[in-house]
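Chemist: Numbering (the working numbering), first residue to last: 26 to 339.
Glycine residues also receive a C-beta, built at the ideal position from the N, C-alpha and C atoms.
Fair warning: this is a prediction, and the values are worked out from it, not measured in the lab.
Right, I'll just put the structure down here and ask away after.
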């Protein structure tokens with residue numbers, strides 16, 4: 026496993042402090058990793074998507090997650106200062122802090138939504154993009170995961186919906202869980218985080234070789250993850266409906282590869298297909314037999330192949 030050659034913290038706005046690490050070749054092409062969740066944090070395993078002899082890989086724990094502070098698991102943490110706009114500004118602040126002119130941006134799952142939002146706001150520093158397990162976090166995508174997927178996992182969904190409480194709107198379970206996760210009773214918050222993360226494991230479990238997310242056994246991680254996911258999903262990622270897809274043509278000048286598993290039922294392949302269709306020049310790689318997990322060997326290999334191709338860009 027890779028070890029960082031540099032790391033540090035960066036105070037940003039609203040009392041937040043970001044934690045970052047740099048791995049690989051200090052003189053290599055800079056690359057930024059945007060993790061999933063929101064709230065999943067960046068682990069050293071992300072460096073395996075790169076040839077670390079050729080890349081300087083920057084890992085960032087997004088606002089409220091990992092070793093960035095304050096931790097969203099803290100019930101007193103103010104989530105109103107944690108939005109996509111804030112995260113985009115944080116990324117740009119980190120780029121300036123590290124003295125990086127341009128970088129490749131790699132994102133997975135939620136990280137693809139954030140990568141797109143960043144590139145649309147700050148296109149100049151983005152030399153290339155590699156996105157896998159794509160999402161754009163639209164209301165339609167959120168409703169699919171939290172409601173419509175009952176058609177695939179009916180018994181598990183009934184437990185998931187019941188845990189949201191008798192007054193919960195079954196078509197807006199993200200909001201119901203967000204309220205539970207802000208409850209003053211610690212037991213209510215604990216139970217809600219556990220139920221949410223059980224559903225997270227369920228909807229990615231259909232592909233062969235699935236293993237439950239070991240980090241969901243940690244109550245603190247569950248709380249951070251569940252609070253941030255429900256916060257963002259209940260607000261449609263703080264983006265206008267269809268914003269990312271509508272503005273994909275604005276990214277035509279950025280080389281990009283979109284990698285998606287055919288069997289990704291958490292984010293069906295039409296998300297990646299529609300984005301690639303709207304994004305002139307973007308390369309779409311559909312990986313047969315792969316699901317949503319970055320641990321799927323074929324999905325990982327296709328993503329790594331893309332970063333290898335971009336390593337020699339001028």
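For residue 61, which residues in the same chain have their Cβ closer than 6 Å to its Cβ, ignoring the five residues on either side in sequence?
Modeler: For the purposes of this step, residue 61 is taken as residue 36 along the chain shown, with counting starting at 1. The answer, listed in chain order, is 133, 134, 135 and 136.
Chemist: My output table needs one value for residue 81: the three-state DSSP class, helix, strand or coil.
Modeler: Residue 81 sits at position 56 when you count from the first residue of the chain shown. Strand.
Chemist: Got a sec, what are the start and stop residues for the beta strand (DSSP E) residue 46 sits in?
Modeler: Residue 46 sits at position 21 when you count from the first residue of the chain shown. Looking at the DSSP string, the run of the beta strand (DSSP E) that includes residue 46 is 42-49.
Chemist: Short check: CB of residue 251 to CB of residue 221, under 7 Å?
Modeler: Translated into positions along the chain shown, residue 251 becomes position 226. Translated into positions along the chain shown, residue 221 becomes position 196. Yes, Cβ-Cβ distance for residue 251 and residue 221 is below 7 Å.
Chemist: What residues are listed by DSSP as bridge partners for residue 129?
Modeler: Residue mapping note: residue 129 aligns to position 104 of the chain shown, counting from 1. Its beta-bridge partners are 56 and 153.
Chemist: Taking its Cβ as the centre, do 16 or more other Cβ atoms sit within 10 Å of residue 86, making it buried, or is it exposed?
Modeler: For the purposes of this step, residue 86 is taken as residue 61 along the chain shown, with counting starting at 1. With 16 or more Cβ atoms within 10 Å of its Cβ, residue 86 is classed as buried.
Chemist: Relative to the C-alpha of residue 93, which residue among 105, 130, 107 and 42 is closest?
Modeler: Position 68 of the chain shown holds residue 93. Nearest C-alpha to residue 93: 42.
Chemist: If you follow the beta strand (DSSP E) that residue 285 is in, where does it begin and where does it stop?
Modeler: For the purposes of this step, residue 285 is identified with residue 260 of the chain shown, where counting begins at 1. First-last of the beta strand (DSSP E) with residue 285: 281-286.
Chemist: Identify every run of the alpha helix (DSSP H) within the segment 237-290, keeping only runs that are complete inside it and at least 4 residues long; order them along the chain.
Modeler: Here the runs fully enclosed are 244-258 and 268-271.
Chemist: Do residue 328 and residue 308 have their C-beta atoms closer together than 7 Å?
Modeler: Position 303 of the chain shown, counted from the start, is the residue given in the question as residue 328. Position 283 of the chain shown, counted from the start, is the residue given in the question as residue 308. No, they are not a contact pair.
Chemist: Ends of the alpha helix (DSSP H) at residue 307?
Modeler: Working through the chain shown from its first residue, we reach residue 307 at position 282. From DSSP, residue 307 is part of no alpha helix (DSSP H); its letter is neither H nor E.
Chemist: Cβ of residue 171 within 7 Å of Cβ of residue 200?
Modeler: One-based indexing of the chain shown puts residue 171 at position 146. One-based indexing of the chain shown puts residue 200 at position 175. Not in contact: residue 171 and residue 200 (Cβ atoms no closer than 7 Å).
Chemist: Taking the alpha helix (DSSP H) that residue 211 belongs to, which residues open and close that run?
Modeler: As a working note, residue 211 is residue 186 in the chain shown. Taken as a continuous stretch (DSSP letters only), the alpha helix (DSSP H) holding residue 211 covers 211-228.
Chemist: Looking at the strands, I want to know which residues DSSP matches up with residue 35.
Modeler: Residue mapping note: residue 35 aligns to position 10 of the chain shown, counting from 1. Answer is 43.
Chemist: What are the start and end residues of the alpha helix (DSSP H) that includes residue 122?
Modeler: Here residue 122 corresponds to residue number 97 of the chain shown, with the count starting at 1. Note, residue 122: alpha helix (DSSP H), 109-123.
Chemist: Let me confirm a value: residue 55 is counted as buried when at least 16 other C-beta atoms fall within 10 Å, else exposed. Which label applies?
Modeler: Working through the chain shown from its first residue, we reach residue 55 at position 30. Buried, since its Cβ has 16 or more Cβ neighbours within 10 Å.
Chemist: Within its chain, find whatever has a CB closer than 7 Å to the CB of residue 203; leave out the 5 residues flanking it on each side and keep chain order.
Modeler: The residue you call residue 203 lines up with position 178 of the chain shown. Answer for residue 203: 255, 256 and 259, listed in chain order.
Chemist: Would you list the one or two residues that DSSP bridges to residue 4?
Modeler: Residue numbering for the chain in the displayed model covers 26 to 339; residue 4 lies beyond these limits and cannot be assessed.
Chemist: How long is the line joining the alpha carbons of residue 238 and residue 146, rounded to whole angstroms?
Modeler: For this step, residue 238 is matched to residue 213 along the chain shown. For this step, residue 146 is matched to residue 121 along the chain shown. Roughly 33 Å separates the two Cα atoms.
Chemist: Is it buried or exposed, residue 46, if we count other Cβ atoms within 10 angstroms and call 16 or more buried?
Modeler: The count along the chain shown starts at 1 and reaches residue 46 at position 21. Classification for residue 46: buried.
Chemist: If you compare alpha carbons, which of 236, 53 and 109 is closest to residue 262?
Modeler: If you number the chain shown from 1, residue 262 lands on position 237. If we check each option's Cα against that of residue 262, 109 comes out closest.
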